[in-house]
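K.L.:
In this note's numbering, the protein residues as written are 48 to 604. Cβ atoms here follow ideal geometry from the backbone N, Cα and C, with glycine treated the same way. Here it is, the structure in full.
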């Protein structure tokens, strides 16, 4: 067993697989030869059987064809000599084929002497019939066709069917024989394969113990290494390839374990804050990168620690400044909050005053519109009054004209009265009554003249008064018109002022809303700055804790 164990894996594999391969090749070769021999014999027999059977069928068909031609020649004896020669050649060929077929079947142990005899008997009958036809004895030929030729043909067909049956039976027997031989070969092959497999299993078991056992040990060790366990060891020793692999694996476990232990020590030192440790074993190959990485980690972490210290100091200072500034800003924001609150109150009062102003302006605008309406009405009345005074002036002028006419009439009446008095005086006593009437008429005319003068004087004074009143009314109407225009302008200005005031009201409302939003934002900012102050104080505390933790590291400073 030691000799087998010390063999190389290649030799073990070659011996085991060689034995199995040689045995399998022998068995396969024997099976192939046996099956091939059986196959060839079977194929030869089948081919010859089919060929001989076809030959028998061809000969039988030729017999039937010759019989048909003889019958046709008897029925229609035309070109008798030529047709008889042709049939004679065909009969000779049939006779030759039958002798050849008899010899071939004899080689396979099949006798067809009865078939040959029946064919020869039929050929004799055929030759006799042809002779009768040739000499012109048609009736005798017809008799022989019916009574001798037809039964002879039937006997030939029966013998041919018997031979075909014999060939089929022989072929089936040969098939059964070949099947039995094949089964025997298969059974022998199976037994041989089983024996070879048993031998192969024995060889594999023997060889497997020297290969699989060490492989299992190596596999178990590798599985432990995959789990990170380098405290394992492989005990297998040999001079074969697996022994060399086991030795190399032990060297790898030893060197890798030392490297990992050194790496673990360095990482443990880094974890404890000691950045002054360095690799203590020799790193090779890809582990050289690990050594460089450990050194870089120590240097870079040392630099980072120093930067963290400086950053922590700056953060502490900044956090304290943030806390102070946040407190100051929070105080200022609270002051702004109070100012905004006062501003909102003042804006609310302004909004209330604006609403009151809008209401007063609305009342004033209504009063102005009413006054404007009354002034317009007064202006219309003045226009009507001016028209009436114009009519009065015209009437006064008409009256003045009438008084002038009356005064003219009075003058003429006075003149007529004077003439009447003169005439009465001339008349003497008879004219005294008429004189008295004339005097009365003259007095009446004088009084009428004086009255007319008084009326004219009054009318002239009335005309002057009317003209003065008309002038004053025109001036009053003009003033009222100017007042109406002024009030219209005032109404427009008041409407514009009302619109402006309404706009100011909306702006004040929007300003109040924005001021409320601003006050809310200031309150939020105040809360944020108060939180910022708290966060700044907490950040300062955390920075001090960070500085305390950083001081625990030992670094190359």
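When the Cα of residue 212 is compared with those of 170, 159, 201, 110, which residue comes out closest?
P.N.:
Counting from one through the chain shown, the residue named residue 212 turns up at place 165. Closest by alpha carbon: 159.
K.L.:
Residue 110 and residue 203 - do their beta-carbons sit closer together than 8 Å?
P.N.:
Residue mapping note: residue 203 aligns to position 156 of the chain shown, counting from 1. Residue mapping note: residue 110 aligns to position 63 of the chain shown, counting from 1. A contact, by the Cβ cut-off of 8 Å.
K.L.:
What are the boundary residues of the alpha helix (DSSP H) that residue 163 is part of?
P.N.:
Locating residue 163 in the chain shown gives position 116, where the first residue counts as 1. Residues 160-182.
K.L.:
Between the C-alpha atoms of residue 420 and residue 507, what's the straight-line distance to the nearest angstrom?
P.N.:
Taking the first residue of the chain shown as 1, we reach residue 420 at position 373. Taking the first residue of the chain shown as 1, we reach residue 507 at position 460. If I take the Cα positions, the gap works out to 37 Å.
K.L.:
Report the rounded CA-to-CA distance for residue 570 versus residue 396, giving the unit in angstroms.
P.N.:
Counting from one through the chain shown, the residue named residue 570 turns up at place 523. Counting from one through the chain shown, the residue named residue 396 turns up at place 349. C-alpha separation (whole angstroms): 23 Å.
K.L.:
Count the other CB atoms within 10 Å of the CB of residue 543; is the residue buried (16 or more) or exposed (fewer)?
P.N.:
Counting from 1 along the chain shown, the entry for residue 543 is found at position 496. Answer is exposed; the Cβ neighbour count stays below 16.
K.L.:
Using a Cβ-Cβ cut-off of 6 Å (strictly less than) and excluding sequence neighbours within five positions of residue 522, which residues of its own chain qualify?
P.N.:
As a working note, residue 522 is residue 475 in the chain shown. Answer for residue 522: no residue qualifies.
K.L.:
Quick one: is residue 131 buried, meaning 16 or more other Cβ sit within 10 Å of its Cβ, or exposed?
P.N.:
Position 84 of the chain shown, counted from the first residue, corresponds to residue 131. Per the 10 Å Cβ criterion, buried.
K.L.:
For residue 330, does the three-state DSSP call read helix, strand or coil?
P.N.:
Reading the chain shown from its first residue, position 283 is the one you call residue 330. Of the three classes helix, strand and coil, the one that applies to residue 330 here is coil, per DSSP.
K.L.:
Relative to the C-alpha of residue 194, which residue among 118, 285, 239 is closest?
P.N.:
As a working note, residue 194 is residue 147 in the chain shown. The shortest Cα separation from residue 194 among 118, 285, 239 belongs to 118.
K.L.:
Between the Cα of residue 135 and those of 122, 177, 152, 229, spot the shortest distance and give me the residue it belongs to.
P.N.:
Here residue 135 is taken as the residue at index 88 of the chain shown, counted from 1. The candidate whose alpha carbon is nearest that of residue 135 is 177.
K.L.:
Cα separation between residue 48 and residue 221?
P.N.:
Position 1 of the chain shown holds residue 48. Position 174 of the chain shown holds residue 221. Note that residue 48 scores a pLDDT of 49, beneath 50, so its modelled location is shaky and nothing firm can be said.
K.L.:
Short of 8 Å in beta carbon distance, which residues of its chain neighbour residue 152, apart from the five on each side in sequence? Order them along the chain.
P.N.:
Position 105 of the chain shown holds residue 152. Excluding positions up to five away in sequence, the list reads 99, 158, 159, 210.
K.L.:
How would you call residue 165, buried or exposed, if buried means at least 16 neighbouring beta carbons within 10 angstroms?
P.N.:
Along the chain shown, read from residue 1 onward, the residue named residue 165 stands at position 118. Burial call: buried.
K.L.:
For residue 185 and residue 114, which I take to be in contact (beta-carbon distance under 8 Å), what is that distance rounded to the nearest angstrom?
P.N.:
Here residue 185 is taken as the residue at index 138 of the chain shown, counted from 1. Here residue 114 is taken as the residue at index 67 of the chain shown, counted from 1. At roughly 17 Å, the Cβ-Cβ gap does not stay under 8 Å, so residue 185 and residue 114 are not in contact.
K.L.:
Which term fits residue 246, buried or exposed, when burial requires 16 or more other beta carbons within 10 angstroms of its beta carbon?
P.N.:
On the chain shown, position 199 is the one that residue 246 refers to. That one is exposed.
K.L.:
Going by CA-CA distance only, name the one from 277, 278, 279, 295 that's closest to residue 285.
P.N.:
Locating residue 285 in the chain shown gives position 238, where the first residue counts as 1. Comparing Cα-Cα distances from residue 285 to each of 277, 278, 279, 295, the minimum goes to 295.
K.L.:
For the alpha helix (DSSP H) that contains residue 131, what are its first and last residues?
P.N.:
Residue numbering aside, residue 131 sits at position 84 when the chain shown is read from its first letter. 127-154 is the span of the alpha helix (DSSP H), which, as asked, contains residue 131.
K.L.:
Measuring alpha carbon to alpha carbon, tell me which of 233, 76, 137 ends up nearest residue 105.
P.N.:
Counting from one through the chain shown, the residue named residue 105 turns up at place 58. Of the candidates 233, 76, 137, the one whose C-alpha sits nearest the C-alpha of residue 105 is 137.
K.L.:
What does the alpha-carbon distance come out to for the pair residue 121 and residue 198?
P.N.:
The residue given as residue 121 occupies position 74 in the chain shown. The residue given as residue 198 occupies position 151 in the chain shown. C-alpha separation (whole angstroms): 17 Å.
K.L.:
Under the three-state reduction of DSSP, which class applies to residue 284: helix, strand or coil?
P.N.:
Here the question's residue 284 lines up with position 237 in the chain shown. Looking at residue 284 - three-state DSSP - the assignment turns out to be coil, as it is neither helix nor strand.
K.L.:
Kindly indicate which residue of 494, 227, 167 has the alpha-carbon position closest to the one of residue 458.
P.N.:
The sequence position of residue 458 within the chain shown is 411, counting from 1. The residue with the shortest Cα to Cα distance from residue 458 is 494.
K.L.:
I'd like to check one pair, residue 259 with residue 281: are the Cβ atoms closer than 8 Å?
P.N.:
Position 234 of the chain shown, counted from the first residue, corresponds to residue 281. Position 212 of the chain shown, counted from the first residue, corresponds to residue 259. No, these two residues do not count as a Cβ contact at 8 Å.
K.L.:
Is it true that the CB of residue 170 sits closer than 8 Å to the CB of residue 142?
P.N.:
On the chain shown, residue 142 is found 95 positions in, with the first residue counted as 1. On the chain shown, residue 170 is found 123 positions in, with the first residue counted as 1. Yes.
K.L.:
Whose C-alpha, out of 123, 331, 283, 292, is nearest the C-alpha of residue 305?
P.N.:
Against the chain shown, residue 305 aligns to sequence position 258. Comparing Cα positions, the closest option is 331.
K.L.:
Please report the distance separating the alpha-carbon of residue 240 from that of residue 219.
P.N.:
Residue mapping note: residue 240 aligns to position 193 of the chain shown, counting from 1. Residue mapping note: residue 219 aligns to position 172 of the chain shown, counting from 1. About 31 Å.
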